[in-house]
Structures are given as C-alpha cells and as structure tokens.
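So for the sequence shown, full-length UniProt numbering puts the first residue at 1; every next one is plus one. Heads up, the beta-carbon is just placed ideally off N, CA and C, and yes, glycines get one too. Since this is a predicted model, take the numbers as computed values, not measurements.
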Amino acid sequence: MSLVELYEKYCECQMCPLHAQGRSQVVIGEGNPSSPLMLVGEGPGADEDRLGRPFVGKAGQLLSRILEAAEIPREQIYITNIVKCRPPGNRTPEPEEMSTCIHILRQQFQLIRPRLIVLLGSAPTRAILDPKARITQVRGRWIERKGVRFMPTLHPAYLLRNPSAKKDAWSDFQQIRDAYHMLLQGDENR
C-alpha cells in the first residue's frame, strides 16, 4: 500500500463520531514519504479541515517558522495528526477518537518508517507513549521504542497561548534538529 492508497482507503472514513460532527474532509498528512522524521500533532483545525492539509492555520504557521529556524525544511519531512478529522471547536481529541484513528497512524508509520517521531502536544504523547503521560513532565527527552526515537514537545497552539513556553520548545527543536541532521549525514555516508 502507498500513502495515496492509504488516503483513498480512508478519505470517506466513518469509523468514529468525528465524521458526523462537521468535518469537511479527512486530513491524512503530507510531506516526504521517505523522511526519517515525522511530526504528529493532535488533530486538524478549521483551516486544516477546509484545505485538507495538516498544520496550515496559525499554529501551523508557527510550526513552519520553528522548522525553518531549526534548518529543517518542512517539505522534506512528514507531518500528520493522531486523529484525521477535525474535533468540534478544535477541542482535544477524545481517547475513543484517538484509539479509533491510531491504526491509520500505525499504517503511516509502516509506510514511512520514520526513525525520529516528534509528538506535538499531550494527545499524541498519551496515545502513542503512555496514557498517563503529562507533556510538561516528558517533553524534551528522547524516548526510544523498537529502534525509533520519540520526542514529546509542546504543541504550537499551546505556544501561541503561552509565549513564555517558546524557549522550552526551541530547546526541544534544537535536539530534534541535531538528531535529524545526524541521521541525514549517516545516510549520506552509507
């Protein structure tokens, strides 16, 4: 299966209640399917739902600026969300919604095979690493599972509401940048 086939399989998804709660379209993800780096957010917002692309609203614009400052070209990585449909009012996805969508994310993992996964916010951190995890306690630390390194960090929407936290997120993205560039150098030397 390819990412195009994955999108075609789920573009009319009705597996959880989100499909009937005002979504315009399923937002699977975008970017380089060969990237060693994947970013996973919470869920599409209004702009993402309208355009069918992840992280294009205000939080996405901030994320793009962070990636640019970290010398990580957005078009060279893969970006997706834990849930593929917009939760009403941009609320945090419910556990049931995340557990329904996580099998799509697992298929994306299998197709892309990222070696670094950045978890943007508490929802993907809880869904992927630990249901009891608190982002403020685990952010900024690499956690390795089955040869894949995970970095939980603060969601860009949180940074917009709490600008003083940008310093912590930048510290995380410096680690992400270094690990990403090290992977790319290793691949070039093979």
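Could you tell me the boundaries of the beta strand (DSSP E) in which residue 227 lies?
Nothing can be reported for residue 227: it is not among the residues displayed for the chain, which extend from 1 to 190.
Label P44 either buried or exposed according to how many other C-beta atoms from any shown protein chain fall within 10 Å of its C-beta, with 16 as the threshold for buried.
Buried, by the Cβ-count rule.
If E48 and V56 are in contact, beta carbons under 8 Å, what's the gap, nearest whole angstrom?
Correct: roughly 6 Å between the Cβ atoms.
Assuming C85 and V26 are in contact, meaning their beta carbons sit under 8 Å apart, how far apart are those beta carbons, in whole angstroms?
6 Å
On the three-state DSSP scale, how would you describe T92?
coil
Skipping 5 residues on each side, what residues in its chain have a beta carbon closer than 8 Å to that of Q107?
M1 and L6
Does the beta-carbon distance from P95 to L18 come in below 9 Å?
With contacts defined by Cβ atoms closer than 9 Å, P95 and L18 do not form a contacting pair.
Relative to the ligand HEM, is the shortest distance from any of its heavy atoms to the C-beta of L184 smaller than 8 Å?
This structure does not include the ligand HEM; it has no bound ligands of any sort.
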